[in-house]
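Chains Y and A supply the protein sequences, listed in that same order.
Heads up: take any position in the first sequence, counting from 1, add 2, and you land on my numbering.
Heads up: take any position in the second sequence, counting from 1, add 11, and you land on my numbering.
Every residue, glycine too, gets a C-beta built ideally from N, C-alpha and C.
Accompanying notes for the structure given below.
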Amino acid sequence: MSLLSNPYDPGDFFDEMYAGDGGVRPHYRSLVERLGTLPLAEFERRRAAVDLAFLRRGVTFTVYNDSEGTERIFPFDLIPRIIPAKEWSRLEAGLIQRITALNLFLHDLYHKQKIIKDGVIPAAQILSAKHFRREFMNFAVPHNIYVHICGTDLIRDRDGNYLVLEDNLRCPSGVSYMMENRSAMRRAFPNLFQSYGVRPVEGYPEMLLKSLLHIAPHRDEKPSVVLLTPGVYNSAYFEHCFLARQMGIPIVEGRDLLVQDARVYMRTTAGLLPVDVIYRRIDDDFLDPSVFRPDSMLGVPGLVAAYRAGNVALANSIGTGVADDKVIYAYVPKVIKYYLDQEPILPNVSTYLASDPADRKFILENMAKLVVKSANEAGGYGMLIGPASSKEEVADFRAKVAANPRNFIAQDPVNLSRSPTWCDNRLEGRHIDLRPYVLCGEKTVVTPGGLTRVALRKGSLVVNSSQGGGSKDTWVLAGDK
Amino acid sequence: MLISLLHRTTFVYAGKAHDSFNEVRLRPVDDAGQVRRSFELRTDPAARMRDYTDFYGNAVHYFDVADGHSRLMIEAISEVETTPNSARPPVPEVPNLEPGSEREMLAEFLVDSHYVPLEVEVWKEAKDALSGGRSDVWSDVRTICGHVFRTFAYKPRITGVATLATDAIKLRSGVCQDFAHVALGMCRCSDIPARYVSGYFMRSQRKHDDDEASHAWIEAYVQGHGWAAFDPTHDRPADERYVKVASGRDYADIRPVSGTYRGAKTRSLNVEVRVREAEAAGAAR
Numbered sequence: 003m004s005l006l007s008n009p010y011d012p013g014d015f016f017d018e019m020y021a022g023d024g025g026v027r028p029h030y031r032s033l034v035e036r037l038g039t040l041p042l043a044e045f046e047r048r049r050a051a052v053d054l055a056f057l058r059r060g061v062t063f064t065v066y067n068d069s070e071g072t073e074r075i076f077p078f079d080l081i082p083r084i085i086p087a088k089e090w091s092r093l094e095a096g097l098i099q100r101i102t103a104l105n106l107f108l109h110d111l112y113h114k115q116k117i118i119k120d121g122v123i124p125a126a127q128i129l130s131a132k133h134f135r136r137e138f139m140n141f142a143v144p145h146n147i148y149v150h151i152c153g154t155d156l157i158r159d160r161d162g163n164y165l166v167l168e169d170n171l172r173c174p175s176g177v178s179y180m181m182e183n184r185s186a187m188r189r190a191f192p193n194l195f196q197s198y199g200v201r202p203v204e205g206y207p208e209m210l211l212k213s214l215l216h217i218a219p220h221r222d223e224k225p226s227v228v229l230l231t232p233g234v235y236n237s238a239y240f241e242h243c244f245l246a247r248q249m250g251i252p253i254v255e256g257r258d259l260l261v262q263d264a265r266v267y268m269r270t271t272a273g274l275l276p277v278d279v280i281y282r283r284i285d286d287d288f289l290d291p292s293v294f295r296p297d298s299m300l301g302v303p304g305l306v307a308a309y310r311a312g313n314v315a316l317a318n319s320i321g322t323g324v325a326d327d328k329v330i331y332a333y334v335p336k337v338i339k340y341y342l343d344q345e346p347i348l349p350n351v352s353t354y355l356a357s358d359p360a361d362r363k364f365i366l367e368n369m370a371k372l373v374v375k376s377a378n379e380a381g382g383y384g385m386l387i388g389p390a391s392s393k394e395e396v397a398d399f400r401a402k403v404a405a406n407p408r409n410f411i412a413q414d415p416v417n418l419s420r421s422p423t424w425c426d427n428r429l430e431g432r433h434i435d436l437r438p439y440v441l442c443g444e445k446t447v448v449t450p451g452g453l454t455r456v457a458l459r460k461g462s463l464v465v466n467s468s469q470g471g472g473s474k475d476t477w478v479l480a481g482d483k
Numbered sequence: 012m013l014i015s016l017l018h019r020t021t022f023v024y025a026g027k028a029h030d031s032f033n034e035v036r037l038r039p040v041d042d043a044g045q046v047r048r049s050f051e052l053r054t055d056p057a058a059r060m061r062d063y064t065d066f067y068g069n070a071v072h073y074f075d076v077a078d079g080h081s082r083l084m085i086e087a088i089s090e091v092e093t094t095p096n097s098a099r100p101p102v103p104e105v106p107n108l109e110p111g112s113e114r115e116m117l118a119e120f121l122v123d124s125h126y127v128p129l130e131v132e133v134w135k136e137a138k139d140a141l142s143g144g145r146s147d148v149w150s151d152v153r154t155i156c157g158h159v160f161r162t163f164a165y166k167p168r169i170t171g172v173a174t175l176a177t178d179a180i181k182l183r184s185g186v187c188q189d190f191a192h193v194a195l196g197m198c199r200c201s202d203i204p205a206r207y208v209s210g211y212f213m214r215s216q217r218k219h220d221d222d223e224a225s226h227a228w229i230e231a232y233v234q235g236h237g238w239a240a241f242d243p244t245h246d247r248p249a250d251e252r253y254v255k256v257a258s259g260r261d262y263a264d265i266r267p268v269s270g271t272y273r274g275a276k277t278r279s280l281n282v283e284v285r286v287r288e289a290e291a292a293g294a295a296r
């Protein structure tokens with residue numbers, strides 16, 4: 003008996019592997035052949051070896067609001083998600099187009115605000131955005147790059163069209179899983195990679211370091227770069243350590259840095275060493291208690307003063323959150339058109355704004371059929387999936403939306419595409435999304451791959467790791483099969 | 012009127028403080044109502060001063076004191092000439108702002124802000140105040156502020172720096188900061204764009220033991236005129252005796268002195284404010 007002896011029914015969804023007629027899509031054929039010859043016991047053996055490796059390497063994340071307060075292993079599924087070259091080149095072009103427009107948008111918002119004056123986005127939407135940082139109006143960021151690291155969440159609808167679900171422009175995480183997944187797969191199926199022409203993702207840390215060096219304020223010396231983490235209790239601490247190690251840069255907490263005369267230094271056993279670039283994995287609010295939240299113990303007092311004085315660069319810049327606000331998201335297609343005079347290559351999911359009276363009425367009346375999200379939360383927190391919720395949950399959310407409309411949006415539920423996933427000793431279709439990583443430095447580059455997250459619970463559409471999701475390796479092919 | 016100002020803030024630490032980072036908004040503005048003749052800012056221990064202009068046009072000076080110190084003094088001395096009452100244009104009687112681009116740009120002064128949550132009790136307070144029906148926007152602002160003046164008691168040391176407008180409504184008392192926050196909430200619930208103003212007020216008759224302090228009032232947006240200032244603590248428009256330092260959505264945007272430090276567990280704070288009509292000789296200088 004092999005893995006593929008009884009194919010599942012793709013049902014009413016777009017399946018990554020099976021075409022509508024039940025045949026296997028061309029770019030999955032070699033994989034199917036290989037898995038077909040693999041005895042079940044051998045597959046299980048490799049799966050167990052991968053699980054053990056993840057545990058040993060400490061590839062974990064933390065779940066918040068959980069009474070057990072536990073660090074967990076990120077569940078990994080051995081069946082890769084495969085993207086042929088032609089499909090990828092379109093995704094790549096779409097992602098570059100989007101981030102280019104978003105960087106222009108942020109520069110404009112923090113300077114002349116032409117897009118508001120031209121009536122493309124109502125001023126009220128910007129002025130009421132929680133992460134619009136008034137403190138940084140007219141502040142010049144190096145090379146006008148606001149977002150250096152971006153993780154964009156993509157999904158596919160019933161017809162297999164890729165749609166942008168959200169942009170993560172503050173501190174996107176997950177890239178370490180992309181790399182760990184790849185290294186696990188290379189060990190589990192060493193021969194498959196060569197014959198398949200899977201493009202490598204291992205260059206990411208080097209490209210990230212390049213983007214960080216690009217914004218160093220003192221170009222004449224060898225710039226020093228550090229990664230600033232909130233510490234061991236952060237859900238992505240594993241990733242912070244991983245990236246710092248891969249790039250060969252120090253990982254520091256707020257208390258390891260200090261500011262003197264608007265210059266940032268790192269405390270070391272050899273005395274104070276100047277710091278030029280900070281890859282910060284701390285949100286704006288916690289960066290500097292003397293400017294933002296006074297109760298923050300995570301940040302560095304005076305950091306903002308040093309940033310303002312141009313003596314240190316931050317990636318990402320301060321204030322990028324205004325552009326990944328879910329209300330502003332709804333305007334991104336217009337943003338692309340406005341700055342680039344192009345049609346968006348990757349469309350948005352159709353979105354209703356509760357702040358708009360007509361949309362609000364529609365949302366309140368149809369809530370049980372919609373996905374409702376709060377404007378500034380991530381990780382699957384603060385959202386309602388109408389069709390999967392009880393009457394009480396819907397009523398609760400209706401009151402929330404009525405009380406603070408600016409904070410909510412609603413979307414038509416998208417039947418996320420499904421990918422074959424190993425569940426209880428057989429392959430079944432499970433819903434997936436994709437988060438590719440974009441870096442903006444001297445050039446804008448997209449790592450060929452990304453983090454494919456999978457909703458492991460049957461029928462579930464929530465792929466977030468904090469809500470019971472797992473992940474898969476993502477193969478971008480050099481060719482089309 | 013030529014007004015001279017002194018604003019001195021002194022922190023005394025129980026032990027040594029170090030790595031102290033501070034932002035201050037202490038420089039009076041230049042606008043139609045006043046001209047800044049001079050401004051000096053100094054600290055002890057001395058520090059290198061840097062500055063930027065914030066989103067609302069306020070001057071922000073920032074500095075740090077890295078070395079250990081047991082005391083930090085921040086002193087702002089300025090001289091401001093205010094426009095005489097006779098030269099101030101009257102506020103026209105116009106209806107509230109129509110929807111449109113001008114209103115769009117004022118959106119943040121119509122929604123809730125940190126100290127001014129737009130909760131049901133604020134909205135009720137506004138309904139009560141305007142129960143006689145709406146009039147032109149400036150009259151409505153005066154009605155709202157008059158309501159606050161009459162139905163709230165001015166009582167120092169009941170409220171604090173963290174008191175929200177909704178807390179002040181429960182207590183029905185407070186100081187100028189609370190009066191301003193309540194009035195702002197009521198204006199915004201009534202769809203009138205309104206902002207917080209910090210500054211100083213010169214008392215013409217001063218008793219010897221009066222505590223002098225900085226003051227706060229509000230500005231409401233009147234179409235065709237711009238921002239018009241009203242003081243709910245004294246129930247009158249801000250006139251030539253008022254010196255404006257900064258404006259924003261509420262107190263959180265204009266904190267005169269804010270910062271952090273390491274070291275000493277506790278500190279005491281002393282603020283000394285002096286507001287005087289400058290001597291004629293000073294005027295000629």
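Inset, instruction - Please name the residue or residues paired with A/G111 in a DSSP beta bridge. - result: Working through the second sequence from its first residue, we reach residue 111 of chain A at position 100. Note: A/G111 sits in no beta bridge, so no partner.
Inset, instruction - Could you tell me which residues DSSP pairs with Y/E168 in its beta bridges? - result: Here residue 168 of chain Y refers to the residue found at position 166 when the first sequence is read from its first residue. Answer by DSSP bridge pairing, in chain order: Y/D155.
Inset, instruction - Report the option in Y/P335, Y/G256 and Y/G471 whose CA atom is closest to the CA atom of Y/G305. - result: Position 303 of the first sequence, counting from 1, holds the residue named residue 305 of chain Y. Looking at the sequence shown, residue 305 of chain Y is not Gly but Leu. Selected option, being the one with the closest Cα: Y/G256.
Inset, instruction - Answer with yes or no whether the minimum CB distance from A/S201 to chain Y is below 9 Å. - result: Residue mapping note: residue 201 of chain A aligns to position 190 of the second sequence, counting from 1. Output row for A/S201: interface = no.
Inset, instruction - Could you confirm whether any beta carbon from chain Y is found closer than 9 Å to the beta carbon of A/F50? - result: On the second sequence, position 39 is the one that residue 50 of chain A refers to. Closer than 9 Å: no.
Legend entry - Proximity to Y/G471 [Cα-Cα], best of Y/K328, Y/F16 and Y/F78: As a working note, residue 471 of chain Y is residue 469 in the first sequence. The shortest C-alpha separation from Y/G471 is found at Y/F78.
Inset, instruction - Between the Cα of Y/V440 and those of Y/L171, Y/L230 and Y/I320, spot the shortest distance and give me the residue it belongs to. - result: As a working note, residue 440 of chain Y is residue 438 in the first sequence. When only C-alpha atoms are compared, the closest one is Y/L171.
Legend entry - Y/I197, DSSP secondary structure in three states: Along the first sequence, read from residue 1 onward, the residue named residue 197 of chain Y stands at position 195. One point to set straight first is that residue 197 of chain Y is Ser, not Ile, in the sequence displayed. Here Y/S197 sits in helix by DSSP.
Inset, instruction - May I ask you to list the residues that DSSP assigns as paired with Y/F410? - result: Position 408 of the first sequence, counting from 1, holds the residue named residue 410 of chain Y. Answer is Y/S376, bridged to Y/F410.
Inset, instruction - Can you have a look at Y/G22 and say buried or exposed, based on whether 16 or more other CB atoms are within 10 angstroms of its CB? - result: Numbered from 1 along the first sequence, position 20 holds the residue referred to as residue 22 of chain Y. Y/G22 comes out exposed.
Inset, instruction - Select from the stretch 134-165 of chain Y all residues with a C-beta closer than 7 Å to any C-beta belonging to chain A, and list them in chain order. - result: R136, E137 and M139
Inset, instruction - Would you please state the rounded distance, in angstroms, between the beta carbons of Y/A308 and Y/R265? I believe it to be under 8 Å. - result: Here residue 308 of chain Y corresponds to residue number 306 of the first sequence, with the count starting at 1. Here residue 265 of chain Y corresponds to residue number 263 of the first sequence, with the count starting at 1. Confirmed, Cβ separation roughly 6 Å.
Legend entry - chain A within 9 Å of Y/I554, Cβ atoms only: This structure leaves residue 554 of chain Y out entirely; chain Y is present only between 3 and 483.
Inset, instruction - Flag A/K27 as yes if its beta-carbon sits less than 9 Å from any beta-carbon of chain Y, otherwise no. - result: Taking the second sequence and counting its residues from 1, the one referred to as residue 27 of chain A is at position 16. No, because no Cβ of chain Y sits closer than 9 Å to the Cβ of A/K27.
Inset, instruction - Take every Cβ of the stretch 172-182 of chain Y, pair it with every Cβ of the stretch 284-303 of chain Y, and state whether three or more of those distances are shorter than 8 Å. - result: yes
Inset, instruction - Determine the burial state of A/V127: buried for a count of at least 16 other Cβ atoms within 10 Å of its Cβ, exposed for fewer. - result: Locating residue 127 of chain A in the second sequence gives position 116, counting from the first residue. Its Cβ being crowded by 16 or more others within 10 Å, A/V127 is buried.
Inset, instruction - Compare the C-beta of A/V122 against all C-beta atoms of chain Y and say whether one is closer than 9 Å. - result: In the second sequence, residue 122 of chain A corresponds to position 111, counting from 1. So, interface residue.
Legend entry - Nearest-angstrom Cα separation, counted from A/V284 out to A/S225: Taking the first residue of the second sequence as 1, we reach residue 225 of chain A at position 214. Taking the first residue of the second sequence as 1, we reach residue 284 of chain A at position 273. Each residue's Cα considered, the two are about 7 Å apart.
Legend entry - Y/V254 and Y/M268 closer than 9 Å at C-beta: Within the first sequence, numbered from 1, the residue matching residue 254 of chain Y stands at position 252. Within the first sequence, numbered from 1, the residue matching residue 268 of chain Y stands at position 266. Result yes, Cβ atoms of Y/V254 and Y/M268 sit closer than 9 Å.
Legend entry - Min CB distance Y/A370 to chain A below 9 Å: Along the first sequence, one-based indexing puts residue 370 of chain Y at 368. Chain A, which has no Cβ nearer than 9 Å to the Cβ of Y/A370, makes this no.
Inset, instruction - Please classify A/H158: is it buried, with 16 or more other beta-carbons within 10 angstroms of its beta-carbon, or exposed? - result: Taking the second sequence and counting its residues from 1, one reaches residue 158 of chain A at position 147. So A/H158 counts as buried.
Inset, instruction - Identify whether A/M213 lies in helix, strand or coil by the three-state DSSP scheme. - result: Residue 213 of chain A sits at position 202 when you count from the first residue of the second sequence. Looking at A/M213 - three-state DSSP - the assignment turns out to be coil, as it is neither helix nor strand.
Inset, instruction - Could you check what DSSP says for Y/A401 in three-state terms: helix, strand or coil? - result: Within the first sequence, residue 401 of chain Y is the residue found at index 399, counting from 1. Helix.
Legend entry - Alpha carbon of A/L182 to alpha carbon of A/V133, nearest angstrom: Your numbering for residue 182 of chain A matches position 171 in the second sequence. Your numbering for residue 133 of chain A matches position 122 in the second sequence. Cα to Cα, the separation comes out at about 13 Å.
Inset, instruction - Kindly identify the DSSP beta-bridge partner or partners of Y/P276. - result: Reading the first sequence from its first residue, position 274 is the one you call residue 276 of chain Y. Note: Y/P276 sits in a beta bridge opposite Y/Y267.
Inset, instruction - Check the Cβ-Cβ distances between Y/I117 and every residue of chain A, and say whether any is below 9 Å. - result: As a working note, residue 117 of chain Y is residue 115 in the first sequence. Not an interface residue.
Inset, instruction - Let me know if Y/E46 comes out buried or exposed under the rule of 16 or more other beta-carbons within 10 Å of its beta-carbon. - result: Looking up residue 46 of chain Y in the first sequence gives position 44. Y/E46 should be labelled exposed.
Legend entry - Separation of Y/G153 from Y/F244, as counted between CA atoms: By 1-based counting over the first sequence, the position of residue 244 of chain Y is 242. By 1-based counting over the first sequence, the position of residue 153 of chain Y is 151. Using only the alpha carbons, I get a separation of about 17 Å.
Legend entry - A/D178 at chain Y interface by Cβ criterion, 9 Å: As a position in the second sequence, residue 178 of chain A is number 167, starting the count at 1. No - not a single Cβ of chain Y is within 9 Å of the one on A/D178.
Legend entry - Sufficient close CB pairs (3 or more, under 8 Å) joining the stretch 181-193 of chain Y to the stretch 95-114 of chain Y: no
Inset, instruction - Would you kindly work out how many angstroms separate the C-alpha atoms of A/G270 and A/V256, rounded to a whole number? - result: Translated into positions along the second sequence, residue 270 of chain A becomes position 259. Translated into positions along the second sequence, residue 256 of chain A becomes position 245. Each residue's Cα considered, the two are about 19 Å apart.
Inset, instruction - Mark A/V208 as exposed unless 16 or more other C-beta atoms lie within 10 angstroms of its C-beta, in which case mark it buried. - result: Working through the second sequence from its first residue, we reach residue 208 of chain A at position 197. Under this definition A/V208 is a buried residue.
Legend entry - Cβ pair Y/A457, Y/H433 closer than 9 Å: Mapped onto the first sequence, residue 457 of chain Y falls at position 455. Mapped onto the first sequence, residue 433 of chain Y falls at position 431. Cβ atoms of Y/A457 and Y/H433: closer than 9 Å.
Inset, instruction - Report yes or no: do three or more beta-carbon pairs, one from the stretch 194-208 of chain Y and one from the stretch 460-470 of chain Y, lie closer than 8 Å? - result: no
Inset, instruction - From the DSSP output, in three-state form, read off Y/C425 for me. - result: As a working mapping, residue 425 of chain Y is identified with position 423 in the first sequence. Strand, per DSSP.
Inset, instruction - Assign Y/T271 to buried or exposed, taking buried as 16 or more other Cβ atoms, counted over all protein chains shown, within 10 Å of its Cβ. - result: Here residue 271 of chain Y corresponds to residue number 269 of the first sequence, with the count starting at 1. Under this definition Y/T271 is an exposed residue.
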